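Right, one structure below, let's go through it.
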Amino acid sequence: MISRARKSRRALRGTAWAVGGWEAACAAVLAGTVGAGPAVNDVPGSGRSCCGGASAAMLRVGLAPTPPAATSPSASDGTSIKPRGMVWIPGGEFSMGSTDRLARADEGPVHRVRVDGFWMDATEVTNAQFRAFVEATGYVTTAERPVDWEEIKKQLPSGTPKPPDEVLKPGAVVFTPPARPVPLDNPSAWWTWTAGANWRHPGGPGTTIEGRDQEPVVQVSWDDAVAYCRWAGKRLPTEAEWEFAARGGLDRKVNVWGDEPVSPERANTWQGRFPDANTRQDGYAGAAPVGRFPPNGYGLYDMAGNVWEWCADAYRDDAYARRVGAAGPGVLIVNPAGPESSRDPRNPDAPVSRVHRGGSYLCNDSYCASYRPSARMAAPPDNTMQHLGFRCVMSDRESRTGPVAPSRVPGDEQKGKP
Ligand SMILES: [Ca+2]
């Protein structure tokens, strides 16, 4: 007879221990194990993500109708004025994706893309900024809401048993480094489901964001990020906008600063042996206050490392192949807005998976080189993580009119899974 725990592990085999963490954490709790999870990723290169996810629930709180002004008042001659805290990213063409030795399969094929100019937050959204949103709207984040098993199980393989009620409490997955080296094929060895973890207590109930106003907000879902952006009169960047901006005007470079390798002076990543020995050569074991590392060519901070950043796009591992296949080789793709449907091998049962970019303070070349501007990662939109935040954008037109829905390019508009 197969034990309940073994059934759970079998049922969860193939799900996202790397990124889709609520179910993984839930299963780990249910199974009482941290050593029997499935292989993380079968993609060569830096395929693993150092990620873990969190609770899931659908948006349930309406937004206050009085967002703050996202821009300074328009000048009398109608010209736009620099929105506070944002920098102008000039439109242009670039090679999206990478064939670098560290690149994963989903970063190709490299293709030429053009994006229109847009405004982008110079930094990740901070705890102080997110607190202002919550205080103005009464918004309750995903990780703070009661867990809805009926919604959660939609992301799980059919037949996954319902965990005990004590497990189905609001919370999130917290990074809990082991005391000694561990195999790097099982993220549940360093991620722990923690009731009470949320953006106010990103490391669990015993932690706080007091005195950390300038650190990036984390433990926020894609839904939370979208809600914030709407309140602020902004939106999440498309994946193409994010990568174009991250490259800072440098085309076909491995990193946002060029081809030189990552170093403690350049970005907040992990130095030492992941995940048990962080030497903190960059000064930080976790997130750093925003803007502590040099900006890229466009004046954007922390586009490499610190915390991951949600993008608007649905994720497909074959998104670029489909796009190029539809347009034809060498054809310039203009303002791609991402596929209509998701295909995420790390979250095969999730109806939707959303892109996040930029890597985090947990990135280390031994495990995850996702601080590179071309690196792609994803999670279901109700997942939260201790190293995942976001920043907002808006077009110049949107700076006056509000967000405009994107139109999709050929290849992105195909529906259904192949
Ligand atoms: Ca970042």
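Residue numbers (this note's numbering): 1 to 418.
Just so you know, even glycine gets a beta-carbon here, dropped at the ideal spot from N, CA and C.
Fair warning: this is a prediction, and the values are worked out from it, not measured in the lab.
Which of helix, strand or coil DSSP assigns to residue i
i	result
residue 313	strand
residue 398	helix
residue 65	With a pLDDT of 29 at residue 65, under the threshold of 50, the modelled position of that residue is not reliable, and no figure is offered here.
residue 390	coil
residue 29	The predicted model places residue 29 with a pLDDT of 29, which falls under 50 and marks its position as unreliable; any figure quoted below should be read in that light. In the structure shown, residue 29 sits in a helix (DSSP, three-state: H, G or I).
residue 412	coil
residue 216	strand
residue 134	helix
residue 325	helix
residue 190	coil
residue 363	coil
residue 242	helix
residue 226	helix
residue 404	coil
residue 127	helix
residue 105	helix
residue 287	coil
residue 292	coil
residue 376	strand
residue 209	coil
residue 180	coil
residue 423	With the chain covering 1 to 418 only, the question about residue 423 has no answer from this structure.
Any non-hydrogen atom of ligand 1 closer than 6 Å to residue i Cβ
i	result
residue 125	no
residue 218	no
residue 309	yes
residue 85	no
residue 268	no
residue 358	yes
residue 296	no
residue 306	yes
residue 282	no
residue 213	no
residue 302	yes
Identified DSSP bridge partners for residue i
i	result
residue 94	113
residue 255	258
residue 278	272
residue 343	316
residue 303	According to DSSP, residue 303 bridges with nothing at all.
residue 88	119
residue 198	201
residue 267	According to DSSP, residue 267 bridges with nothing at all.
residue 247	Answer is none; residue 247 lacks a bridge partner.
Requested in this report: Please determine if the region 151 to 158 and the region 198 to 210 are in contact, where contact requires at least 3 C-beta pairs separated by less than 8 Å.
Outcome: With a cut-off of 8 Å, the region 198 to 210 and the region 151 to 158 do not count as touching, because too few Cβ pairs lie within range.
Query raised in the report: Any contact of the region 328 to 340 with the region 290 to 307, i.e. 3+ C-beta pairs under 8 Å?
Result: Short answer: they don't touch.
Query raised in the report: Counting Cβ pairs closer than 8 Å, one from the region 276 to 291 and one from the region 339 to 355, do we hit at least three?
Result: For the pair of segments examined, the region 276 to 291 was found not to touch the region 339 to 355: the number of CB pairs separated by less than 8 Å stays below three.
Query raised in the report: When the Cβ atoms of the region 212 to 224 are set against those of the region 177 to 189, are three or more pairs found closer than 8 Å?
Result: Taking a cut-off of 8 Å for Cβ pairs, the region 212 to 224 and the region 177 to 189 do not touch, as fewer than three such pairs fall below it.
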